[in-house]
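Worksheet: one structure, shown below.
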Amino acid sequence: MNNFNNVIEKIRELFHEPKEFIPLHIPHFSGNEKKYVSECIDSTFVSSVGQFVNDFEKSIAEFTGAKRCVVCVNGTNAIHLAMIASGVKENEEVITQPLTFIATVNAISYAHAVPVFVDVDKDTMGMSPKSLRVFLEQNTEIKDGVCINKLSGRKISACLPMHTFGHAARIEEIKEICDEYNITLIEDAAEAMGSSYKGKHLGTFGLLGTFSFNGNKTITTGGGGAIITDDENLADKLKHLSTQAKIPHKWRYEHDQVGYNYRMPNINAALGLAQMEKLEYILKRKRQLALEYNNFFTSLDIDVFEERESENCNYWLNAVILKNQEQQQLFLTELNEAGVMCRPIWELMTNMVMFKNCQKTNLDNATWLSHRVVNIPSSVVK
Ligand SMILES: *Cc1c(COP(=O)(O)O)cnc(C)c1O
Numbered sequence: 000m001n002n003f004n005n006v007i008e009k010i011r012e013l014f015h016e017p018k019e020f021i022p023l024h025i026p027h028f029s030g031n032e033k034k035y036v037s038e039c040i041d042s043t044f045v046s047s048v049g050q051f052v053n054d055f056e057k058s059i060a061e062f063t064g065a066k067r068c069v070v071c072v073n074g075t076n077a078i079h080l081a082m083i084a085s086g087v088k089e090n091e092e093v094i095t096q097p098l099t100f101i102a103t104v105n106a107i108s109y110a111h112a113v114p115v116f117v118d119v120d121k122d123t124m125g126m127s128p129k130s131l132r133v134f135l136e137q138n139t140e141i142k143d144g145v146c147i148n149k150l151s152g153r154k155i156s157a158c159l160p161m162h163t164f165g166h167a168a169r170i171e172e173i174k175e176i177c178d179e180y181n182i183t184l185i186e187d188a189a190e191a192m193g194s195s196y197k198g199k200h201l202g203t204f205g206l207l208g209t210f211s212f213n214g215n216k217t218i219t220t221g222g223g224g225a226i227i228t229d230d231e232n233l234a235d236k237l238k239h240l241s242t243q244a245k246i247p248h249k250w251r252y253e254h255d256q257v258g259y260n261y262r263m264p265n266i267n268a269a270l271g272l273a274q275m276e277k278l279e280y281i282l283k284r285k286r287q288l289a290l291e292y293n294n295f296f297t298s299l300d301i302d303v304f305e306e307r308e309s310e311n312c313n314y315w316l317n318a319v320i321l322k323n324q325e326q327q328q329l330f331l332t333e334l335n336e337a338g339v340m341c342r343p344i345w346e347l348m349t350n351m352v353m354f355k356n357c358q359k360t361n362l363d364n365a366t367w368l369s370h371r372v373v374n375i376p377s378s379v380v381k
C-alpha cells in the first residue's frame with residue numbers, strides 16, 4: 000500500500016539490514032583510529048599542540064594538492080577564519096547561495112559581513128555563474144578597483160559558493176567572474192573532501208577552501224574543520240588567528256590582535272590522520288553504492304544526481320529528485336516511518352528569519368530543488 004516500498008526494500012538489501020534502523024550517514028572506522036587515539040592519550044598531548052595535528056595537516060595538503068592546510072575545531076569556524084584572514088570586514092558583503100547548510104551563512108555573520116544570495120544551477124546544486132554574473136552586471140560598479148553594490152553602497156569583498164553533497168559547482172566559471180570583479184573566492188568545500196574537478200581537488204580553486212570533519216561527513220575527527228590554501232602568508236595568518244593571535248615566545252603572553260581559540264586538538268587530529276589513511280577506500284565504497292543507487296532509481300524513472308563530465312564526486316550523500324513537493328513529502332514520510340532515514344535538502348536561507356531581508360536574485364532553481372531533493376542513506380556499507 001506504500002508508494003515507495005520497493006525503495007525501502009532496495010535500501011535494506013543494499014545495506015544488508017532487513018529490519019534495523021538505517022541511518023543517513025555514519026562514520027567508518029576500520030583503520031588506525033583506536034591505535035592513534037590511544038597513542039595520543041599515552042603521550043598526554045591531547046590538546047592544541049602535538050604531532051598528530053601537524054601530520055594531519057600535512058596529509059590533507061598532500062591529498063588535496065594545496066600548499067598548506069590549517070586545521071581548526073569545526074567547519075563553521077574554518078569559514079569564519081577564512082573570511083577574516085582574507086580581509087572580509089564589518090559591513091562588507093559576501094555573495095553566497097541560498098541552498099546550503101546554515102553554517103555557511105552563519106560564518107558570514109560571525110565576520111559581521113552581510114550575505115547576498117544568488118541562485119544555484121539545477122544540475123550541480125551549487126552557485127550558478129550565470130546568476131552571479133547577472134547580479135553583478137545589474138547591481139554593481141567597480142570604483143578604484145573595488146566592487147561596490149550600488150543598492151547598499153557596500154563593498155562586495157568575497158564570494159562563497161558551496162559544493163553541494165560533494166558535487167562540484169561550476170567553479171571555473173565562478174572563479175573567472177570573481178577575478179573580473181576583484182572579489183575574493185572562498186570555497187565552502189565542507190561536503191567535498193575527496194571530490195575534484197578536472198583532476199583538481201575542490202577547495203583549491205579559490206584563494207581559500209574549507210572542510211568539515213563533523214561526524215556526518217565523509218571522514219570525521221569527531222568535530223573538526225580545515226582550511227587549505229596555496230598562499231603561505233595567509234596560512235601563517237590563519238594559524239596565528241586560530242591560536243589566540245599569540246606571538247610565539249617561550250614564556251611571555253603577548254598577542255597582537257583579537258584572536259580565536261579555534262585550533263584543532265591533537266586527539267581529534269589523531270582520529271583524522273587515521274581517517275585520511277582510509278579515505279581512498281571510503282571513496283571507492285561510496286562510489287559503488289552510488290552506482291547501485293543510480294541503476295536502481297533509473298529503472299524506477301526517479302532522477303538521481305550524477306557526476307558531470309570532468310567531475311570526480313565523493314558521493315558524500317546520495318540524492319534523489321522527486322517529481323514534485325507532494326512526492327518529496329510522501330517519500331520522506333514513508334522511508335522515515337519504515338526506519339530508513341532520509342532528509343530533505345535544506346530550506347532556503349532566504350526563508351530564515353535572520354536572512355529573509357537580505358538582497359537576493361531570482362531563486363527559481365534553488366526553490367525548485369528545495370521542493371524535490373531528498374538525501375538517502377549513504378554510509379560505507381559494511
Ligand atoms: C557540515 C558543513 C559545514 C560545517 O559544519 P561543522 O559542523 O561546523 O563542521 C559548513 N558548510 C556546509 C555546507 C556543511 O555541510
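Position 136 of the sequence shown, counting from 1, maps to 135 under numbering that gives the first Met the number 0, and the rest follow consecutively. No residue lacks a Cβ here, since even glycine has one placed at the ideal position from N, Cα and C.
Residues near residue i by beta carbon distance below 7 Å, same chain, minus five either side
{"i": "A234", "result": "R67, V69, T228"}
{"i": "N260", "result": "Q243"}
{"i": "D54", "result": "L272"}
{"i": "K355", "result": "T349"}
{"i": "P128", "result": "R169, E172, I173, I176"}
{"i": "Q137", "result": "none"}
{"i": "A289", "result": "Y314, N317"}
For residue i, the residue or residues it bridges with in DSSP
{"i": "P114", "result": "V93"}
{"i": "M126", "result": "V119"}
{"i": "N260", "result": "T242"}
{"i": "S195", "result": "H200, N311"}
{"i": "V339", "result": "I21"}
{"i": "K154", "result": "I147"}
Sequence-distant residues of its chain with Cβ nearer than 6 Å to residue i (five each side left out)
{"i": "T360", "result": "V117, D118, S130, F134"}
{"i": "S211", "result": "G74, A189, G224"}
{"i": "V339", "result": "I7, I10, I21"}
{"i": "C146", "result": "T139, I155, Y180, N181, I182"}
{"i": "Q287", "result": "none"}
{"i": "E308", "result": "none"}
{"i": "Q358", "result": "V115"}
Which of helix, strand or coil DSSP assigns to residue i
{"i": "Y252", "result": "coil"}
{"i": "I344", "result": "coil"}
{"i": "T209", "result": "strand"}
{"i": "S245", "result": "First, the amino acid is wrong: residue 245 is Lys here, not Ser. In this structure, K245 counts as strand in the three-state DSSP scheme."}
{"i": "T360", "result": "coil"}
{"i": "R371", "result": "coil"}
{"i": "H200", "result": "strand"}
{"i": "I218", "result": "coil"}
{"i": "R132", "result": "helix"}
{"i": "K236", "result": "helix"}
{"i": "V380", "result": "coil"}
{"i": "V48", "result": "coil"}
{"i": "A387", "result": "Limits of the chain in this structure are 0 at one end and 381 at the other, which puts residue 387 out of reach."}
{"i": "N350", "result": "helix"}
{"i": "E16", "result": "coil"}
{"i": "N53", "result": "helix"}
First and last residue of the uninterrupted alpha helix (DSSP H) at residue i
{"i": "E38", "result": "32-42"}
{"i": "N265", "result": "265-298"}
{"i": "S108", "result": "101-109"}
{"i": "I7", "result": "4-13"}
Enclosing beta strand (DSSP E) for residue i [first to last residue]
{"i": "N148", "result": "145-148"}
{"i": "I226", "result": "224-228"}
{"i": "I141", "result": "139-142"}
### Query
Which parts of the region 302-334 are runs of the beta strand (DSSP E), unbroken and 3 residues or longer, counting only runs that do not cross its ends?
317-320
#### Entry: Unbroken stretches of the alpha helix (DSSP H), 4 residues or longer, contained in the region 157-187
Within the region 157-187, the complete alpha helix (DSSP H) segments of 4 residues or longer fall at 170-179, listed in chain order.
### Task
Pick out the complete beta strand (DSSP E) segments inside the region 55-86, 3 residues or longer, and give them in chain order.
As far as the region 55-86 is concerned, its whole beta strand (DSSP E) runs of at least 3 residues are 67-71.
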